[in-house]
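Undergrad: One structure, pasted below without further comment.
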Amino acid sequence: MKKFKKNILCIGAGYVGGPTMAMIAYKCPQYKVTIVDINPARIDEWNSDNLPIYEPGLDEIVKEARGKNLFFSTDIEKGIIESDIIFVSVNTPTKTFGVGAGMAADLQYWEKTARQILDCAKSSKIIVEKSTLPVKTARAMERILTSKNSKIQFDVLSNPEFLAEGTAVNDLKNPDRVLVGSRLTKSGIKARDELVEIYANWVPRDRIITSDIWSSELSKLVANAFLAQRISSINAISVLCEKTDADITDVAAAVGLDSRIGSKFLNASIGFGGSCFKKDILNLVYICRNYGLYEVADYWESVIRINDYQQKRFVLNMLTTMFNTLAEKKICIFGFAFKADTGDTRESPAIYVAKRLIEEKAELVISDPKALKNAKKDLDGIDENVSYIEDPHKAAKGSHAIAIMTEWNLYRDLDFEKIYKSMIKPAFIFDGRNIVDHKKLYEIGFNVFPTGKPSLTHFK
Ligand SMILES: NC(=O)c1ccc[n+]([C@@H]2O[C@H](COP(=O)([O-])OP(=O)(O)OC[C@H]3O[C@@H](n4cnc5c(N)ncnc54)[C@H](O)[C@@H]3O)[C@@H](O)[C@H]2O)c1
Numbered sequence: 000m001k002k003f004k005k006n007i008l009c010i011g012a013g014y015v016g017g018p019t020m021a022m023i024a025y026k027c028p029q030y031k032v033t034i035v036d037i038n039p040a041r042i043d044e045w046n047s048d049n050l051p052i053y054e055p056g057l058d059e060i061v062k063e064a065r066g067k068n069l070f071f072s073t074d075i076e077k078g079i080i081e082s083d084i085i086f087v088s089v090n091t092p093t094k095t096f097g098v099g100a101g102m103a104a105d106l107q108y109w110e111k112t113a114r115q116i117l118d119c120a121k122s123s124k125i126i127v128e129k130s131t132l133p134v135k136t137a138r139a140m141e142r143i144l145t146s147k148n149s150k151i152q153f154d155v156l157s158n159p160e161f162l163a164e165g166t167a168v169n170d171l172k173n174p175d176r177v178l179v180g181s182r183l184t185k186s187g188i189k190a191r192d193e194l195v196e197i198y199a200n201w202v203p204r205d206r207i208i209t210s211d212i213w214s215s216e217l218s219k220l221v222a223n224a225f226l227a228q229r230i231s232s233i234n235a236i237s238v239l240c241e242k243t244d245a246d247i248t249d250v251a252a253a254v255g256l257d258s259r260i261g262s263k264f265l266n267a268s269i270g271f272g273g274s275c276f277k278k279d280i281l282n283l284v285y286i287c288r289n290y291g292l293y294e295v296a297d298y299w300e301s302v303i304r305i306n307d308y309q310q311k312r313f314v315l316n317m318l319t320t321m322f323n324t325l326a327e328k329k330i331c332i333f334g335f336a337f338k339a340d341t342g343d344t345r346e347s348p349a350i351y352v353a354k355r356l357i358e359e360k361a362e363l364v365i366s367d368p369k370a371l372k373n374a375k376k377d378l379d380g381i382d383e384n385v386s387y388i389e390d391p392h393k394a395a396k397g398s399h400a401i402a403i404m405t406e407w408n409l410y411r412d413l414d415f416e417k418i419y420k421s422m423i424k425p426a427f428i429f430d431g432r433n434i435v436d437h438k439k440l441y442e443i444g445f446n447v448f449p450t451g452k453p454s455l456t457h458f459k
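Mind the numbering: the sequence shown is residues 0 to 459 in numbering that gives the first Met the number 0, read in order.
Dropping the structure here:
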């Protein structure tokens, strides 16, 4: 007798594959869930006590399910043969070469997976696109999967992942919505219903929505574009606030109380990072240009332009306020992760800021509770004058300035009196996340440069 009701496979054990599949296994002991990856080191980490990614609450659910109905392996072929449903969660970065370089999605990992499924499968399967993909990718996947003309049937579904890093476990436990896109044929709808049944084990039915496959693929790109656009919108206004002595926190509060607008995602900051927002907008822009929709493409591209501008002007502000030279000055960077509660540094604004400060010949001390390992990789080869110190009090010692890059809660409650005493004077703090008490820091003696608010300086 079959021990498990279904065999689920996920190809790609990354920030999405790991947590999403761990949640399915945790919530559905009746299914066997296997996650495979081409990277053996990553699989070893998933099988160890030190998981390859940090997410609050993830350790607990992995430890609960691992070895019972959750397995991590490098045997992709066996996984494909044994599975009923395959989630594809491989990376889809921005293409760096050839046509569409710097814009289009690089689909090589995804296509290799499709071909491997075709080569290994011995029975019919449902294939679920979990990776974020350009609209119409499912059609290409179907074409590859039917290229052998065998009797094996593959139904391709789109099930984009909306989790946010840092809150992934909670987002997966209580999602705003789960979206399943399918072909509207008899077998497409049957496959869609099978996937819906999996999520219905813990997600209320009214939050599981279905659509045609193209709308589903496009919705993910549009959701990320809208989220990023809110950040760029508030950041664009933050510059104006700094020029006019208005306060972006007050403006955001007044604007956000309009129920049509809402208050979330209105914090002015150094800008967005992460592996998805930029790449997904670029992808959207590329698709629009391909269809000749130049005005639409330009509109969305401007979201990225404002984000780049916000980072550039942050460094420029540091340079000009610190008397136009940063050479040999020690600058302490609080936070390297692209956001709090993750160790992920992909596209983190801290990378740009650190690289620019290195160009200005500053000495950097980088502090972060979870991201130092990745920070070292990001600055590999250019970090001759960089040190990495986890403890923020020790990191700030002897520095001319602190730049806050990540909104880690721990930075709110540091002993800033002690930090101030240990720094070179005049001491500067540049708050790229608006998380510290600016007035209090000013009273301690710091020259304070928030984002989108008047600066507080002791200079006459
Ligand atoms: N990170 C997020 O917050 C997030 C959220 C929603 C959607 N997404 C999307 O999910 C997808 C995956 O993102 P991620 O952050 O998990 O990426 P990731 O780089 O962390 O993980 C991808 C994994 O796939 C593996 N892989 C690549 N090719 C493979 C192959 N042929 N066979 C087996 N394994 C292979 C890689 O080794 C890697 O471990 C992307 O399309 C991304 O846009 C990401």
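Quick reminder that beta carbons are idealized off the backbone N, C-alpha and C, glycines included.
All of these numbers come straight from a predicted model, not from anything done at the bench.
Could you tell me the alpha carbon to alpha carbon distance between Gly380 and Ser274, rounded to whole angstroms?
TA: One C-alpha to the other measures close to 22 Å.
Undergrad: Is Arg142 buried or exposed, if buried means 16 or more other CB atoms sit within 10 Å of its CB?
TA: Burial call: exposed.
Undergrad: Please report the residue range of the beta strand (DSSP E) in which Thr209 lies.
TA: It spans Ile207 to Asp211 - the beta strand (DSSP E) in which Thr209 sits, taken as one unbroken run.
Undergrad: Any heavy atom of ligand 3 closer than 8 Å to the beta-carbon of Asn49?
TA: By its list of ligands, the structure shown excludes ligand 3, since it contains just ligand 1.
Undergrad: Where Lys375 and Glu193 are concerned, what is the direct C-alpha to C-alpha distance, given to the nearest angstrom?
TA: Their backbone Cα atoms lie some 44 Å apart in a straight line.
Undergrad: Assess contact between the region 410-429 and the region 443-458, defined as three or more Cβ pairs (one per stretch) separated by less than 8 Å. Is contact present?
TA: Touching, yes.
Undergrad: Could you tell me whether the region 359-376 touches the region 384-396, using the rule of 3 or more Cβ pairs below 8 Å?
TA: Cβ pair count under 8 Å is three or more, so yes.
Undergrad: If you count every other CB in all the chains shown that lies within 10 Å of the CB of Leu315, and 16 or more means buried, which is it?
TA: Leu315 should be labelled exposed.
Undergrad: Using only the alpha-carbon positions, how far apart do Pro133 and His437 sit?
TA: Those two C-alpha atoms are separated by around 43 Å.
Undergrad: For Lys129, count neighbouring C-beta atoms within 10 Å of its own C-beta (all shown protein chains included) and say buried if the count is 16 or more, exposed if not.
TA: Result: buried.
Undergrad: When the distance is taken between beta carbons, is Asn433 closer than 9 Å to Ala267?
TA: In this structure, Asn433 lies closer than 9 Å to Ala267 by Cβ.
Undergrad: With a Cβ-Cβ cutoff of 9 Å, do Thr131 and Ala163 count as a contact?
TA: Cβ atoms of Thr131 and Ala163: not closer than 9 Å.
Undergrad: Just how far apart, CA to CA, sit Gly342 and Lys277?
TA: For Gly342 and Lys277, the distance between alpha carbons rounds to 19 Å.
Undergrad: CB-CB under 6 Å to Cys9, same chain, minus the five flanking residues each way: which ones, in chain order?
TA: So the list reads Gly16, Met20, Ile34, Phe86 and Ser88, once near-sequence residues are dropped.
Undergrad: Ala251 by DSSP, collapsed to three states: which one?
TA: Correct three-state label for Ala251: helix.
Undergrad: Use the C-beta contact count for Lys509: other C-beta atoms within 10 angstroms, 16 or more gives buried, fewer gives exposed.
TA: Lying before the first or after the last residue shown, residue 509 is absent from the chain, which here runs from 0 to 459.
Undergrad: Closest by CA to Ala190, which one among Val302, Val61 and Asp83?
TA: Nearest option by C-alpha distance: Asp83.
Undergrad: Pop quiz: Asn68 and Ala12 are said to be a contact at Cβ under 8 Å. What is the actual Cβ separation, rounded to whole angstroms?
TA: Not confirmed; about 16 Å, so no contact.
Undergrad: By how many angstroms is the C-alpha of Ala40 removed from the C-alpha of Ala222?
TA: Computed Cα separation, rounded: 33 Å.
Undergrad: Kindly indicate the opening and closing residues of the beta strand (DSSP E) around Val35.
TA: Its beta strand (DSSP E) spans residues Tyr30 to Val35.
Undergrad: Confirm the yes/no value for this check: CB of Asn38, any heavy atom of ligand 1, distance under 8 Å.
TA: Within the cutoff, so yes.
Undergrad: How about Cys275: is its Cβ closer than 8 Å to a heavy atom in ligand 1?
TA: Yes, ligand 1 has a heavy atom inside 8 Å of this Cβ.
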